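**Q** Following this message is one structure expressed as structure tokens.
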Amino acid sequence: MENTDFNLNEVEIIPFDKKYKKDFYDLNVAWLEKYFYVEPYDEMVLSNPEEYILNAGGFIFVAKYKQEIVGVVALINQKTFFELSKMAVSPKYQGLKIGQKLMDFCIAFAKKQAWKSITLYSHRSLVPAINLYQKIGFIEIPVEKNVHYKRADIKMLLEF
Numbered sequence: 000m001e002n003t004d005f006n007l008n009e010v011e012i013i014p015f016d017k018k019y020k021k022d023f024y025d026l027n028v029a030w031l032e033k034y035f036y037v038e039p040y041d042e043m044v045l046s047n048p049e050e051y052i053l054n055a056g057g058f059i060f061v062a063k064y065k066q067e068i069v070g071v072v073a074l075i076n077q078k079t080f081f082e083l084s085k086m087a088v089s090p091k092y093q094g095l096k097i098g099q100k101l102m103d104f105c106i107a108f109a110k111k112q113a114w115k116s117i118t119l120y121s122h123r124s125l126v127p128a129i130n131l132y133q134k135i136g137f138i139e140i141p142v143e144k145n146v147h148y149k150r151a152d153i154k155m156l157l158e159f
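Next comes the structure, spelled out in structure tokens:
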């Protein structure tokens with residue numbers, strides 16, 4: 000699909016609704032399978048976002064363009080911090096700054112909630128993503144030994 004008529008201003012970031020559960024799962028699995036693999040922790044969280052994210056005090060947002068869900072992101076309550084996680088953009092809409100829009104939305108949301116920071120886990124092989132995080136102001140901090148993602152080799156923090 001050509002996106003020559005695509006307008007980022009028409010992308011709306013809205014709260015998760017259970018009708019978007021399949022989109023949340025499918026977009027994340029597609030991303031994970033492209034770059035890594037779906038770990039047991041991913042499968043558990045992605046299959047039950049209400050239980051593992053929303054009911055645990057977290058948030059999920061979706062990026063909607065026209066009638067299509069083109070991106071997703073979660074802010075997971077990890078008890079002592081909120082983790083920016085499960086961000087994925089539809090392959091046919093990648094490179095159109097939807098990920099940046101989701102990040103900006105999450106940062107504004109976190110500030111509105113009066114959080115002191117957002118944390119994320121990533122992998123150093125994802126150079127464009129790491130560069131984006133650094134440009135936004137995330138700094139690298141030590142990854143704990145018992146991190147819930149096998150693939151995580153970098154932990155980053157954005158303080159407000």
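Letter by letter, the sequence shown follows residues 0 to 159 of numbering that gives the first Met the number 0.
The beta-carbon is built from N, C-alpha and C at its ideal position, and this holds for glycine as well.
Fair warning: this is a prediction, and the values are worked out from it, not measured in the lab.
What residue range does the alpha helix (DSSP H) around P39 cover?
**A** The sequence position of residue 39 within the sequence shown is 40, counting from 1. Residues 39-46.
**Q** Quick check: F23 and L45, are their CB atoms within less than 9 Å of each other?
**A** Along the sequence shown, one-based indexing puts residue 23 at 24. Along the sequence shown, one-based indexing puts residue 45 at 46. Against a cut-off of 9 Å, the Cβ pair of L45 and F23 comes out as a contact.
**Q** Distance check for L7 and K65, CA to CA, integer angstroms please.
**A** For this step, residue 65 is matched to residue 66 along the sequence shown. For this step, residue 7 is matched to residue 8 along the sequence shown. Their Cα atoms are separated by approximately 11 Å.
**Q** Going straight from the alpha carbon of H147 to that of Y40, what length do you get?
**A** Position 148 of the sequence shown, counted from the start, is the residue given in the question as residue 147. Position 41 of the sequence shown, counted from the start, is the residue given in the question as residue 40. Looking at the two C-alpha atoms, the distance is approximately 7 Å.
**Q** If you check the beta carbons only, do I117 and L53 fall under 9 Å apart?
**A** Taking the sequence shown and counting its residues from 1, the one referred to as residue 117 is at position 118. Taking the sequence shown and counting its residues from 1, the one referred to as residue 53 is at position 54. It is not a contact, given that the beta carbons lie outside the stated cut-off.
**Q** Could you give the distance in angstroms between the alpha-carbon of K144 and the alpha-carbon of E11?
**A** Locating residue 144 in the sequence shown gives position 145, counting from the first residue. Locating residue 11 in the sequence shown gives position 12, counting from the first residue. Going by the C-alpha atoms only, they are around 38 Å apart.
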